[in-house]
Structures are given as C-alpha cells and as structure tokens.
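What follows is a set of notes on a single structure, which appears directly below.
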Amino acid sequence: MRDGTVLRADVYRPSAKDPLPVILMRTQYGKSDAQTGPRYQPPDWFASHCYLVVVQDVRGQGTSGGTFSEFTHDMDDGYDSVEWAAALPGSNGKVGMYGSSYVGATQWLAAVSAPPHLTTIVPANTASDYYDGWTYEGGEFRLAFVQPWAIGSIALTAAQNRNDQAAVAQLTAAAADRTRWMDFRPFKDLPPLQPENPAVAPWYFDWIRHWRRDDFWRQFSIRDRYPSVKVPVLDVEGWYDAFLAGGIENFAGMAAHGGTAEARDNQRLVIGPWDHVNWGRPTSAPAPLLRDIGAVGDSPINDLMLAWFDHFLKGEDNSPDNPVAGKPRVDYFVMGANVWKHAPSWPLPQTDWTTFYLSGAGGIADRKGQLVSTAPGIEPSDTYTYDPAFPAPSVGGHSCCGAQSGPQGPYDQTPVEARSDVLVYSSAPLDHDTEVTGPVSVRLWAQSTASDTDFTAKLTVVKRDGAVINLNSGILRTSFRDSLSDPKPTPGQPSQYEIHVWPTSYEFQAGESIRLEISSSDYPQFAPNPNTGAPFGQDSAIQTATQTILHDAAHPSAVTLPIIPG
Numbered sequence: 115m116r117d118g119t120v121l122r123a124d125v126y127r128p129s130a131k132d133p134l135p136v137i138l139m140r141t142q143y144g145k146s147d148a149q150t151g152p153r154y155q156p157p158d159w160f161a162s163h164c165y166l167v168v169v170q171d172v173r174g175q176g177t178s179g180g181t182f183s184e185f186t187h188d189m190d191d192g193y194d195s196v197e198w199a200a201a202l203p204g205s206n207g208k209v210g211m212y213g214s215s216y217v218g219a220t221q222w223l224a225a226v227s228a229p230p231h232l233t234t235i236v237p238a239n240t241a242s243d244y245y246d247g248w249t250y251e252g253g254e255f256r257l258a259f260v261q262p263w264a265i266g267s268i269a270l271t272a273a274q275n276r277n278d279q280a281a282v283a284q285l286t287a288a289a290a291d292r293t294r295w296m297d298f299r300p301f302k303d304l305p306p307l308q309p310e311n312p313a314v315a316p317w318y319f320d321w322i323r324h325w326r327r328d329d330f331w332r333q334f335s336i337r338d339r340y341p342s343v344k345v346p347v348l349d350v351e352g353w354y355d356a357f358l359a360g361g362i363e364n365f366a367g368m369a370a371h372g373g374t375a376e377a378r379d380n381q382r383l384v385i386g387p388w389d390h391v392n393w394g395r396p397t398s399a400p401a402p403l404l405r406d407i408g409a410v411g412d413s414p415i416n417d418l419m420l421a422w423f424d425h426f427l428k429g430e431d432n433s434p435d436n437p438v439a440g441k442p443r444v445d446y447f448v449m450g451a452n453v454w455k456h457a458p459s460w461p462l463p464q465t466d467w468t469t470f471y472l473s474g475a476g477g478i479a480d481r482k483g484q485l486v487s488t489a490p491g492i493e494p495s496d497t498y499t500y501d502p503a504f505p506a507p508s509v510g511g512h513s514c515c516g517a518q519s520g521p522q523g524p525y526d527q528t529p530v531e532a533r534s535d536v537l538v539y540s541s542a543p544l545d546h547d548t549e550v551t552g553p554v555s556v557r558l559w560a561q562s563t564a565s566d567t568d569f570t571a572k573l574t575v576v577k578r579d580g581a582v583i584n585l586n587s588g589i590l591r592t593s594f595r596d597s598l599s600d601p602k603p604t605p606g607q608p609s610q611y612e613i614h615v616w617p618t619s620y621e622f623q624a625g626e627s628i629r630l631e632i633s634s635s636d637y638p639q640f641a642p643n644p645n646t647g648a649p650f651g652q653d654s655a656i657q658t659a660t661q662t663i664l665h666d667a668a669h670p671s672a673v674t675l676p677i678i679p680g
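The sequence shown begins at 115 in the working numbering and counts up by one.
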C-alpha cells in the first residue's frame, strides 16, 4: 500500500497465453474462504472462465499486515489494490470486483476513489451509508447486528491476526453468550471489547461516540459520492437483507448521478426473496416467503455475474435472451405470487401511491384498529406504555448476520401482537389480488411523555389461515425526526413523525388483509430507547413513557403503499 503496509492475496491463474482481465475480492473474512458456499462459486470456478482471480485479506485481517479499522483504510487500500492487480503478470489491465456484505463495502469504497483500471463492480447485500442503514437506522442503534458481529467476527479475527491470545479467549467466550452482552449497559463500557485497551476495537467505541451522522460518518459515505463512481454496477439484494434500503439507494443514486454516462446507463439491481445469510433457504426452513431460488429468470446468480464480467471486462455482446446491460434495470421477485418481474427504474414508474388511514381502537383491549381509505373524523386516540426494560421482541426482520443473533426473515407475528404495547390496524380482507412493490411510508401523529423515544412501524400480511407475516419494518428515534445529524428534543405536544418502512414486494391474495403494527421497540434488532433524552450509550438510566397515537381529522395518521396496477 502507499504507506508501505503489505496486504496478502491468493491469485488463481488459468492456463492461458493471452492477457486476461482480473476479478478482485477484498475481504475481512479470510481469503481462503472467499465467501464460497451459499453465495459464490469458488475462485477457481471464475478462473476457469479465463479470469485472473485475486482474493485479498484487508489490512489487519487474515495474513495481511497493518492495523485493522473498519472503513478507515478501504478507500486508499482499495485504490492501491486495484492498481496493483491491474499490473499483475498476465493481466490485461481491466479489473472487476465482487463480494457480499462488507466485501461489497470494500468495492464501493474503492470505486469512490476512482482507480483508473477499475472497470466494473458487483457488490451484494451492502449499504449506501455506514451510519444510516448500517450501524444505525432512523437514529437508533442496530444492536443485534452490530454488537455480535463486532465481538464474534471482526474484532476476534483482528485479534487472531495480531496474535493477541488474551483478547481471542475473551472474545470467543463472549461470542458464545450474545444475549448477556446485548443486555449490558452502558454501551460505551462493553467489557468484551475492552474499552480500556485501544488495541482490541477502538473503531467500535467510535461508533458509539458518534451516535449522530457527523463528519466521522460522512468521510466514508457512498450516498454522498455517486458522481465519483464511474463504473457500471450489478447489485444483488434480498427483501429481508440488513442493507436492502442502501442497495436500492445505490442503484437509484448511480442511475441519476453516476460519474459517467456509461455508469448511469449500466446499473442493474437484482432483489430476491432472501435474507442476509445467503441467496435462498431450503423450503423446509421455518420462514415463509424465503425461497431457495438461485436464479433470476433462467440465469443463476453466479452465471449472471459471469455474463456481466464477460461483457464489461472482455467486451462480449449481450445475449438477446438475457441482456445484462445497456440501460438501468431492476429484476425483482414478487413474494406471494412467486414470480420474477423487471422494471427500468426505482420506484417502479407505474406505482399508484395509495394511502390508508389509521382508525379505530388499535390497542390490546379491543383490537378493532382499521386501515381505511378516507381520513377519519373525530375519534379517540390510542395509548400504551413503553418500558425499555420490557421491550417488544424482534420476530424476524432485516437484521444481520446470523439467524440466532440477528433477527431476519419473515415469521408469524402473532406472539408480538399479544402485547399491550403493540397497536394493530388492519384493512378489510382484499377482494382481489394486489401487488405492493416499493418503499412504504408511515406518517404517524404521536405524543410522548418522554423527551426522546422511539416509534416503530411494521407492515404485515394477515393470511387467510390467521397467520400474520412481517413484510418489512422501520424505526424512528423521535429526536431525529428532522435530521440525522442534528437531533432535537421531542416536543411535548402531538407531532407528525415519518417512519420509513423498508421496501418490499408482495402480492396480497384475495381474502388476505394488509396490517400495520405500531410500537416503540423492536429488540434486539434495535437498542431500546431509554426515554431519557441522553446521548446514546453513555449511561444506564431508563424511564417508562406513555405513548399516545392520534388518528382523527386533525391528526390523520396514515400509511402510504406502493400499489402496482394490474
């Protein structure tokens, strides 16, 4: 690297006389693994199609030198690694990149630095911003993803890299007891990551200190740098993935603001019925809607990647049956109908934005809350008590990275709806099949006795057999209602809050109902808001709050759905 640090890579070489393009993966999860298995073919499979394949351990991980720090070095190291790979013996100078999750982040962080020989990237399951939609969401800390991942994965492997056996032992023990540490407060003193020892995980405590989207986070942001990215992108996401919203934002942002006409015209997004763990689950798994589908139409994901690389790195023509590039394209799987569709843009251009208003008693006593097409008149509000010591449980969701620690996927929400701090509003059973594809917005009129609290919204389908399956969800820390960088105390009067429910695609069948759940917690997917108004993670104080949800003519709480005609 430019500072003299040595990073190490495995290079897979086919038998070939002519120079070949390079496919590069930069990973913090071990170059010998190369993310093979549930996602990718092994490197020698790609090499067998006449590519030099380079799989590199990032700084401070695996066999590479230097000190590990998440995000910090990946712009400069990405640039230097692309240019090094382009100059390898046998290379023709064209470099593509691939990989999922953080291995998608290393591609975007390289791309924003614009190395001259980078030709295309193929990221998957990755984000647009490392504050919003990665470490925090709606201003709230993504506990079930960030903490177990830090302890049991990247801090542990960084300790192994520097041969810190004491830290390895402590982190290994902590990783086996995730629930205990997710309950630990305050976050700034988390023992397994040893705040007193700056060698273990100083980057984690930076994330806690920087609980607002400040300059610390802006230095890494992808969404702020689309004009700097000058290459075509094929992005693969899942409807229950931890970084779905950011992947979609990257597609739309690059199609509108990419740094070259070629980049803007060659953005492709694939969204399947998947969570973060892999592309598909066995159909016997207890998560309805997730499907073991490894194909987009008739093209398996790895074959689609290969066709993309062949086009941009080798100059091969598009197939008439499966044009990989030439104009922006979204391939999306409609759950419920179980079919693939495609569109030229996001949101879909034919979207009929349809508003349903909250009405009736949504509380546990009556459960007569409704979603109706006309704004209600005069009617009473709904009230519940939110206790941070007894938060509503996460049952599925869009977390990461292991099924045990990070709630992800679609599951029956009936146990959640048995709680008194969860409000429920349902449509009448639909009289015809109805496709909902796109982002969902909730405008919630609410009042709290706390100076800062959370509100959550979850879109579900009520099946004909009574099961209630989550489609997606969103959260807002109320002090962040106007800005992620400049939080303000919650006003002591009714206020409107906009909650961004992450996108979905589902075809409601005739006889099914649309349902919206409103609450103030989703644990452990998110850290429970202590209701004190204190900066995040600095103390252990909590207090209960009385939450009032208004839905009347003066306070028309509503959800807006992206209905797809026909």
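Positions of the beta carbon are idealized from the N, C-alpha and C atoms, including for glycine.
Keep in mind it's a predicted model, so treat the numbers as computed, not measured.
At the C-beta level, E363 and F640 stay beyond 8 Å of one another.
Secondary structure note for P387: it is in no alpha helix (DSSP H), and the uninterrupted beta strand (DSSP E) holding it is Q381 to D389.
When the five nearest sequence neighbours on each side are left out, the beta carbons in the same chain lying within less than 6 Å of the beta carbon of H614 are those of G588, in order along the chain. Excluding five sequence positions before and after D338, the CB atoms of its chain that fall closer than 7 Å to its own CB belong to R332, given in chain order. The beta-carbon distance between A503 and T662, rounded to whole angstroms, is 21 Å. This is too long to meet the 8 Å contact definition. Setting aside the 5 residues that flank it on each side, V536 is surrounded in the same chain by A506, V530, E631 and S633, each with a C-beta closer than 7 Å to its C-beta; the list follows chain order.
About 18 Å separates the Cβ atoms of T271 and W321, ruling out a contact at the 8 Å cut-off. Straight through space, the alpha carbons of Q522 and T551 are spaced by roughly 19 Å.
Contact annotation, Q652 with K302: C-beta distance approximately 6 Å; criterion of less than 8 Å satisfied. The beta carbon of Q607 is closer than 8 Å to those of Q561 in its chain, skipping five residues each way along the sequence. Under the 8 Å Cβ criterion, the stretch 654-673 counts as touching the stretch 487-503, having at least three qualifying pairs. The residue among D171, H390 and N206 with its C-alpha nearest the C-alpha of G192 is D171. Fewer than three Cβ pairs drawn from the stretch 640-650 and the stretch 575-587 lie within less than 8 Å of each other, which leaves the two stretches out of contact.
Secondary structure at E251: strand, using DSSP grouped into helix, strand and coil. Going by beta carbons, Y539 and R629 fall inside the 8 Å limit. CA-to-CA, the gap between S508 and D636 works out to about 5 Å. Here the stretch 374-390 makes contact with the stretch 437-450; the two share three or more CB pairs at distances below 8 Å.
In this structure, the alpha-carbon of A238 lies about 12 Å from that of W353. Checking the DSSP bridge columns, you'll see H669 partnered with D666. A straight line joining the alpha-carbon of T240 with that of P494 spans about 43 Å. Within 10 angstroms of the beta-carbon of N380 lie 16 or more other beta-carbons, which makes it buried. For K441, there is no enclosing beta strand (DSSP E), since its DSSP letter is neither H nor E. Look at Q561 here: in three-state DSSP terms it is strand. 8 Å or more divides the Cβ of T604 from the Cβ of A655.
The beta-bridge partner set that DSSP reports for N584 consists of T574. Per DSSP, Q610 is one residue of the beta strand (DSSP E) stretching across S609 to F622. In this chain, the beta strand (DSSP E) harbouring R140 covers L134 to T141.
Considering only S513, K131 and A475, the residue with the shortest C-alpha distance to V391 is S513. Minimum Cα-Cα distance from A123 among the listed residues D568, A313, R173 and G625 corresponds to R173.
In this structure, L121 sits away from Y165, with a CB-CB distance that is not shorter than 8 Å. Using a 10 angstroms sphere on the CB of W325, the tally of other CB atoms reaches 16 or more, which defines it as buried.
Of the other Cβ atoms in all chains shown, 16 or more fall within 10 Å of the Cβ of T570; this residue is therefore buried. It is roughly 5 Å from the alpha-carbon of S473 to the alpha-carbon of Q484. With fewer than 16 neighbouring CB atoms inside 10 Å of its own CB, P305 falls in the exposed class. Using a C-beta cut-off of 8 Å, the stretch 145-160 makes contact with the stretch 411-430, since at least three inter-stretch Cβ pairs fall below that distance.
For T293, the uninterrupted alpha helix (DSSP H) segment begins and ends at R292 to M296.
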